[in-house]
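Q: With full-length UniProt numbering applied, the sequence shown corresponds to residues 1 to 534, in that order. Cβ atoms here follow ideal geometry from the backbone N, Cα and C, with glycine treated the same way.
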Amino acid sequence: MAMSCSLLSEDTFLCSVCLDVFTKPVSTPCGHNFCRRCIRTYWDSTVVWRCPLCKRSFPTKPDLQVNTVLSELAAEFKRSNQAKASASRTDVPASADVPCDVCSQVKDKAVKSCLMCLTSFCKTHLEPHERIAGLHGHRLINPVKDLDQKMCRMHHKLTELYCRTDQSCICVLCLKDDHKLHNVVTIEEQYESAVEEKSNAMVNIQKIIQSRSDKIAEIEKALDAGKNEAEKEKEATMQVFTNFMRFVERRQNELVEVIEGRYSASKEKGEGFLQELRTEVAELESRSSHLEQLSDDHHHFLQNLQALSCLSEKDWTDAVVDSDLCLSPVREAVTALHERVDYIMEKVPELSWRRMREHAVDLTFDPDTTQGTLVISEDGKQVTCLDVVNNPVDKYCSVLTKEGFTSGKFYYEVKVTGRDEWRVGVAIESSGRKNNTKVLAKNGFWMIGTRNGMCVASTTPVAKVSKGGNLGKVGIFVEIDKERVSFYDVDSKSHIFSFNMCSFRMFTEGLYPSFHLKPSRGNIPVIITPVPQE
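1) Assuming PRO455 is part of the beta strand (DSSP E), what are its boundary residues?
2) In the DSSP assignment, the alpha helix (DSSP H) including MET345 goes from what residue to what residue?
3) Going by C-alpha to C-alpha distance, which of HIS182, VAL320, VAL321 and VAL414 sits closest to residue 552?
4) Would you kindly work out how many angstroms separate the C-alpha atoms of GLY475 and PHE244, rounded to a whole number?
5) Per DSSP, what are the beta-bridge partners of LEU158 in this structure?
6) Taking only the alpha-carbon atoms, compute the straight-line gap between TYR162 and ALA217 and give it to the nearest angstrom.
7) Decide if THR460 is buried, meaning its Cβ has at least 16 other Cβ atoms within 10 Å, or exposed.
8) Check VAL485 in the structure and name its three-state DSSP category.
9) For a quick check, are the C-beta atoms of GLU421 and GLY510 less than 8 Å apart?
10) Using a threshold of 8 Å, state whether the C-beta atoms of GLU479 and LYS409 are closer than that.
11) Going by DSSP in three states, PHE515 sits in which element: helix, strand or coil?
12) Counting C-beta neighbours from all protein chains within 10 Å, is the total for VAL290 16 or more, i.e. buried, or is it exposed?
13) With a Cβ-Cβ cutoff of 8 Å, do THR401 and PHE365 count as a contact?
14) Helix, strand or coil for ASN253 per DSSP?
15) Taking ARG484 as the reference, give the member of MET238, ASN500, SER199 and VAL195 with the closest Cα.
16) Threshold first: 4 residues or longer. Then list the alpha helix (DSSP H) segments lying entirely within the region 399-473, N to C.
17) Short check: CB of CYS30 to CB of CYS54, under 8 Å?
18) Considering only C-alpha positions, which residue in the set ASN443, GLY372, SER494 and GLU235 is nearest to VAL348?
19) Quick one: what does DSSP say GLU358 is sitting in, helix, strand or coil?
20) DSSP on LEU115, reduced to helix/strand/coil?
21) Is SER363 helix, strand or coil when you go by DSSP?
22) Where do the ends of the alpha helix (DSSP H) carrying THR124 lie?
23) Could you tell me the distance, in whole angstroms, from the CA atom of THR159 to the CA atom of PRO52?
24) So, at 6 Å on beta carbons, what are the nonlocal neighbours of THR165 in its own chain, with the 5 sequence-adjacent residues on each side left out?
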């Protein structure tokens, strides 16, 4: 019998009226089964004898007999469920006692809930339902909390079924109407499924928590390692630079001593020459004076002439004082070392970015240089190409800034987000004011921009640069003395492209930031944005 019971679904043993396991099941002529008490109570409340499920009417009240086979199966099924409930009692938390809704002071434990009264009754207050004939038709169930929230608002019956299709609790009458072809199970079955789903979810959550915890530990470990590495790197860098500065200072002092020593020796040598030469000059001047004073006495003149005419025969041709201290190779080596260190330091992105932004300039669009129909904002920081009627769609509109440059370095940033086709960079003034000059470096344009979804540079031939055409903000750094123009992706702080050996000296004019844009129905402007100082 137990095996036969296990082969049947739970619905087989449930009365469709009370939705509980059959108690003394009887069969109607149409073949449906109900608890004997349930079907009698149902017929007592109706004028016509009909089946609660299929609504088939019977001309006379059927003589109902207990279905002994079904009764035994239902009893076996109930015992099986009780055994399962007993086995799983430790897994399912016991529900709290439901208080009587009628008790005014100390609320006794309810023994039944009435689906018609929507009230839970203790044993004392349940007595009228057992005594008064008019209340016998009320359906009583085991006590339930929040009974009104568990009732079907349409049919005023307990929602003991669950529609998986609509994911809602329904009553028996809902099943016959709107949920007839839906996937419907009992609340208990859905609860068991939900509990299992909850268990699976908890397992998955625990797995995710463990995974995230492992990742947190991994990141924390990496941060600790990074901190230690940064401290070591900082200490090593400071030590290297400290040693280098000490070395440079020591070598500087040594060179100063050498310079001073060489100068002292040269000075001493030169002063010796001067002393000796001055003595010789004084002696010669004395002889010259004596020669002038020789008398006309022939004997005296002849006796002293030879002595006074005897001159020093020392050759001073090679007596020189060298002012060149021969230290220029040292200076050149130190200068080269300085340039080399500076070059390497520029490879550190944060440092190069900071130094580059130190040359930021404040720019404004110049309305007098516009080519095509452009609209410039009142503050001179935004330009828009609106008139697609007067501007051919295959032609660029252009504008320069009021500010031009002839030397040094300058940097600015431009927002081009959302625009399809644009060009930014620098141009010589005469080329920038013409709208029929081909935009190439050889014609005085050093620019990048988008074309057919690609980012290209105004080289000959036109070069596709590494970045795509979806740039948001572009940084332009111009080094006039080095004849170089570089472009950067501001958002990622990465290099896009550089023009080298720009031959600025070929042009006698100043360089002006230049902007080209095509008509756009989106009215999206090109914006000169402020450069933040880091």
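A: Reading from the atomic positions:
1) Taking the first residue of the sequence shown as position 1, residue 455 is located at position 455. Sequence check: residue 455 is Cys here, not Pro. Run containing CYS455: 454-457, per the beta strand (DSSP E) assignment.
2) The sequence position of residue 345 within the sequence shown is 345, counting from 1. Its alpha helix (DSSP H) spans residues 328-345.
3) Outside the modelled stretch of the chain, which goes from 1 to 534, sits residue 552, for which no answer is possible.
4) By one-based count along the sequence shown, residue 475 stands at place 475. By one-based count along the sequence shown, residue 244 stands at place 244. PHE244 has its alpha-carbon roughly 35 Å from the corresponding atom of GLY475.
5) The count along the sequence shown starts at 1 and reaches residue 158 at position 158. Beta-bridge annotation (DSSP): LEU158 is paired with MET151.
6) As a working note, residue 162 is residue 162 in the sequence shown. As a working note, residue 217 is residue 217 in the sequence shown. Per the coordinates, the alpha-carbon of TYR162 lies some 44 Å from the alpha-carbon of ALA217.
7) Reading the sequence shown from its first residue, position 460 is the one you call residue 460. Using a 10 angstroms sphere on the CB of THR460, the tally of other CB atoms stays under 16, which defines it as exposed.
8) The residue given as residue 485 occupies position 485 in the sequence shown. VAL485: strand per DSSP, three-state reduction.
9) For the purposes of this step, residue 421 is taken as the residue at position 421 of the sequence shown. For the purposes of this step, residue 510 is taken as the residue at position 510 of the sequence shown. Not a contact, by the Cβ cut-off of 8 Å.
10) Numbered from 1 along the sequence shown, position 479 holds the residue referred to as residue 479. Numbered from 1 along the sequence shown, position 409 holds the residue referred to as residue 409. Result yes, Cβ atoms of GLU479 and LYS409 sit closer than 8 Å.
11) In the sequence shown, residue 515 corresponds to position 515, counting from 1. In the three-state reduction of the DSSP assignment, PHE515 falls in the strand class, which pools E and B.
12) Translated into the one-based positions of the sequence shown, residue 290 becomes position 290. In the sequence as presented, Val is not what sits at residue 290; that position holds His. Classification for HIS290: exposed.
13) In the sequence shown, the residue the question calls residue 401 occupies position 401. In the sequence shown, the residue the question calls residue 365 occupies position 365. Cβ distance < 8 Å, so THR401 and PHE365 count as in contact.
14) Indexing the sequence shown from 1 puts residue 253 at position 253. Judged by DSSP in its simplified three-state form, ASN253 adopts helix.
15) As a working note, residue 484 is residue 484 in the sequence shown. Of the candidates MET238, ASN500, SER199 and VAL195, the one whose C-alpha sits nearest the C-alpha of ARG484 is ASN500.
16) Restricted to the region 399-473, the alpha helix (DSSP H) segments that are unbroken, complete and at least 4 residues in length are 429-432, listed in chain order.
17) Translated into the one-based positions of the sequence shown, residue 30 becomes position 30. Translated into the one-based positions of the sequence shown, residue 54 becomes position 54. With a cutoff of 8 Å on beta-carbon distance, CYS30 and CYS54 are scored as near each other.
18) Indexing the sequence shown from 1 puts residue 348 at position 348. Selected option, being the one with the closest Cα: SER494.
19) Your numbering for residue 358 matches position 358 in the sequence shown. In the three-state DSSP reduction, GLU358 falls in the coil class, being neither helix nor strand.
20) Stepping through the sequence shown from its first residue, residue 115 is reached at position 115. Correct three-state label for LEU115: coil.
21) As a working mapping, residue 363 is identified with position 363 in the sequence shown. Per the sequence presented here, residue 363 reads as Leu, with Ser not at that position. In this structure, LEU363 counts as coil in the three-state DSSP scheme.
22) Indexing the sequence shown from 1 puts residue 124 at position 124. Per DSSP, the unbroken alpha helix (DSSP H) holding THR124 starts and ends at 123-131.
23) On the sequence shown, position 159 is the one that residue 159 refers to. On the sequence shown, position 52 is the one that residue 52 refers to. Approximately 17 Å, taken between the alpha carbons.
24) Locating residue 165 in the sequence shown gives position 165, counting from the first residue. Residues HIS182 and ASN183 of the same chain have their beta carbon placed closer than 6 Å to that of THR165, with the five preceding and five following residues left out of the count.
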